[in-house]
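Residue numbers (our numbering): 120 to 304.
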């Protein structure tokens, strides 16, 4: 089966593609079409973020609130918290991929920035799972809590003795490890 040069040949597609506009201009165009029915605070935040394309242009959440003129009656840290909360619940309504790191928020300017952001999210997920596992194991070792499944826990009644499974040391805990006797042959 022969390739159709109009659809299957990447070089043909690249050669005939119209010239790309700069990313910052594409972000401005996308943001200008934001739904006016969205909360006014979100629209103001998007207008501020429009000027922050690329990781190098990241802006901290409290500064976003200052530039948008939002939450002036709150302290600086609380303004940042309000911005972060609003962005977290409205991500699906943003017109361009929003990234964030310790430097602040920015619209992705390149695929590399988006890749870096997703890698950062995955590493945080792994750390959260590790922290959850460690805390779950510590709770079970105490014998004071009962894991009900699906992330739910209950207090063990104070008059009930801990079950044998929760009272017995785990095979990988230091108290369960025993040195094997050295045989002299």
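By construction, the Cβ of each residue, glycine as well, lies at the ideal position given by its N, Cα and C atoms.
Please read these numbers as outputs of a predicted model, since none were measured by experiment.
Going by DSSP in three states, residue 153 sits in which element: helix, strand or coil? coil
**Item:** C-beta contact flag for residue 182 and residue 232 at 8 Å
**Value:** no
Task: Anticipated Cβ contact below 8 Å, residue 176 with residue 236, distance rounded - done: About 14 Å; that fails the 8 Å criterion.
Margin query: Need the endpoints of the beta strand (DSSP E) that residue 233 sits in, please.
Written below: Unbroken run through residue 233 is the alpha helix (DSSP H), 230–261; no beta strand (DSSP E).
Below 8 Å CB to CB, which residues in the same chain sit around residue 217 once its five sequence neighbours on both sides are set aside? 168, 206, 210, 224, 225, 226 and 227
What does the alpha-carbon distance come out to for the pair residue 170 and residue 143?
Between residue 170 and residue 143, the C-alpha separation is close to 8 Å.
- Task: Between the Cα of residue 149 and those of 158, 156, 160 and 166, spot the shortest distance and give me the residue it belongs to.
- Result: 166
TODO: Just list the beta strand (DSSP E) runs in the region 191–234, keeping only unbroken ones of 3 residues or longer that don't cross its boundaries, in chain order.
DONE: 217–220 and 223–226
| said: At the level of alpha carbons, what is the spacing between residue 93 and residue 180? | reply: In the structure as shown, the chain begins at 120 and stops at 304. Residue 93 is therefore absent and cannot be evaluated.
Tell me whether residue 295 sits in a helix, a strand or coil according to DSSP, three-state version. A caution first: residue 295 carries a pLDDT of 49, below 50, which makes its placement in the model too unreliable to give a value.
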